[in-house]
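S.K.: Residue 501 is where the sequence shown starts when you use the numbering used here, and the numbers rise one by one after that.
Idealized CB from N, CA, C, for every residue including glycine.
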Amino acid sequence: MRFFFYLDEHEPIHVHVNCNGKRAKLLLVPDVEIAYNHGLKEQEIRNAVEICKLYREEFIREWNRRFDNEEVDNGKN
Numbered sequence: 501m502r503f504f505f506y507l508d509e510h511e512p513i514h515v516h517v518n519c520n521g522k523r524a525k526l527l528l529v530p531d532v533e534i535a536y537n538h539g540l541k542e543q544e545i546r547n548a549v550e551i552c553k554l555y556r557e558e559f560i561r562e563w564n565r566r567f568d569n570e571e572v573d574n575g576k577n
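(1) Where DSSP assigns a beta bridge to ARG523, which residues make up the other side?
(2) Going by other Cβ atoms of all chains shown within 10 Å of its Cβ, with 16 needed for buried, is HIS514 buried or exposed?
(3) Okay, do the segment 538 to 545 and the segment 557 to 566 touch, 3+ Cβ pairs below 8 Å being the bar?
(4) Go ahead and pull the three-state DSSP assignment for PHE505.
(5) Determine, using beta carbons only, whether VAL529 and VAL549 come nearer to each other than 7 Å.
And the structure:
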């Protein structure tokens with residue numbers, strides 16, 4: 501399972517997931533949510549969501565670093 505951003509990303513903050521040629525997009529703010537799923541099995545998408553929950557803050561930090569955004573309200577305020 502690979503998590504990544506494209507070079508020309510747009511908000512809301514999200515990650516793309518690729519797993520054996522199948523793909524999904526998971527939103528990270530305000531909470532982890534499936535934007536779309538193109539072929540990941542139920543267990544695969546559950547695993548992707550759990551990984552995003554575990555690494556959410558790191559993904560958001562990397563998004564901000566890559567796209568030179570100011571700190572984003574993570575929905576915690």
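M.R.: The answer reads as follows:
(1) According to DSSP, which records beta bridges pairwise, ARG523 is partnered with ASN518, HIS538.
(2) By the neighbour-count rule (16 or more Cβ atoms within 10 Å), HIS514 is buried.
(3) Note that the segment 538 to 545 does not touch the segment 557 to 566; fewer than 3 beta-carbon pairs, one per stretch, sit closer than 8 Å.
(4) Three-state DSSP puts PHE505 in coil, outside helix and strand.
(5) No; because the gap between Cβ atoms is not below 7 Å, this pair is not in contact.
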